[in-house]
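In our numbering, the protein residues as written are 4 to 254. We put the beta carbon where it would ideally sit given N, CA and C, even for glycine.
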Ligand code: BEZ
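In structure tokens:
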């Protein structure tokens with residue numbers, strides 16, 4: 004059964020329940036193809052696992068994240084990391100590239116984020132990343148919403164930002180980027196800590212406002228609803244992830 008969800012990101016819980024996020028992000032680092040000596044901004048670095056990977060390639064990497072717990076975890080790795088909100092940051096410098104993994108779907112205003120990114124790049128600078136795309140975790144979201152309704156809880160207004168490549172390309176183009184590629188990648192993702200671990204780490208926006216006992220019921224019921232589609236006969240869970248991977252260049 005899922006534990007009660009906590010408020011800010013818990014870097015330790017994230018490492019246990021969601022280490023796959025940075026492990027799978029290596030492919031995005033490959034798409035960025037960072038060169039030694041380049042200056043790169045890691046937008047939403049989490050606990051810094053991928054930032055450290057880029058630093059080890061000889062990149063001068065600066066990282067930002069809006070979670071104090073994550074910034075502290077990344078700083079422990081010796082990384083150059085600052086607390087900042089992706090919607091409004093000004094680092095007073097520009098970079099050869101901006102990299103982002105598994106972060107943009109948390110935005111409440113994608114135009115603001117992309118405008119900030121553009122401000123930190125010179126013409127020709129790359130913006131490369133990946134996040135949840137159209138249809139991402141659709142089964143999970145539907146089960147959590149159904150479970151909230153069964154609990155009699157008011158429907159939540161929260162939703163993640165999961166655009167189609169066409170929608171997101173328009174956002175990039177409006178901010179002055181040329182889109183090199185933007186595509187959806189269906190990626191059923193094994194959950195080492197099961198659905199309970201995933202819900203405990205990520206379901207806060209849907210159930211965090213409920214009392215502890217109600218949260219437990221809502222998440223446990225969501226897990227039950229999902230078992231038929233996302234849990235195999237051996238008890239192994241898979242999340243219905245769909246990524247939107249993109250590469251854009253500032254004109
Ligand atoms: C994602 O990486 O797709 C994701 C992470 C947390 C919550 C929802 C989606």
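Short note on residue 205: C-beta closer than 6 Å to some heavy atom of the ligand BEZ. About 19 Å separates the Cβ atoms of residue 71 and residue 105, ruling out a contact at the 8 Å cut-off. Residue 77 is a Cβ neighbour of residue 51, given a cutoff of 7 Å. Assignment of residue 54 by DSSP, reduced to helix, strand and coil, places it in the helix class. 7 Å or more divides the Cβ of residue 68 from the Cβ of residue 142. A residue is called buried when at least 16 other Cβ atoms come within 10 angstroms of its Cβ; residue 250 meets this threshold and is buried. Beta-carbon to beta-carbon, residue 90 and residue 48 are separated by about 16 Å, too far to satisfy the 8 Å threshold. In chain order, 107, 108, 110 and 113 place their CB closer than 7 Å to the CB of residue 164, counting only its own chain and leaving out the 5 sequence neighbours on each side. Contact annotation: residue 136 and residue 247 have beta-carbon atoms nearer than 7 Å. Rounded to whole angstroms, the separation of the alpha carbons of residue 117 and residue 60 is 26 Å. In this structure, the CA atom of residue 126 is about 47 Å from the CA atom of residue 151.
Within the model, the alpha-carbon separation for residue 94 versus residue 84 is close to 11 Å. For residue 105, the distance from the CB to the nearest heavy atom of the ligand BEZ is below 6 Å.
Per the coordinates, the alpha-carbon of residue 98 lies some 13 Å from the alpha-carbon of residue 131. Residue 193 and residue 62 have their alpha carbons spaced roughly 31 Å apart.
Exclusion of the five residues before and after residue 208 leaves 161 as the residues of its chain whose Cβ lies within less than 6 Å of its Cβ. Of the residues assessed, residue 96 falls on the exposed side of the cut-off, its CB having fewer than 16 other CB atoms within 10 angstroms.
Contact annotation: residue 225 and residue 156 have beta-carbon atoms that are not nearer than 7 Å.
Rounded to the nearest angstrom, the Cβ distance from residue 6 to residue 203 is 5 Å, consistent with a contact under 8 Å.
Take residue 189, set aside five residues on each side of it, and the residues of its chain with a beta-carbon closer than 6 Å to its own are 245, in chain order. By the neighbour-count criterion, in which 16 or more other beta carbons inside 10 Å mark a residue as buried, residue 39 falls on the exposed side. Each residue's CA atom was taken as its position, placing residue 238 and residue 169 some 37 Å apart. Residue 236 and residue 205 have their alpha carbons spaced roughly 24 Å apart. In the DSSP assignment, residue 132 is bridged to 103 and 249. Less than 7 Å divides the Cβ of residue 54 from the Cβ of residue 66.
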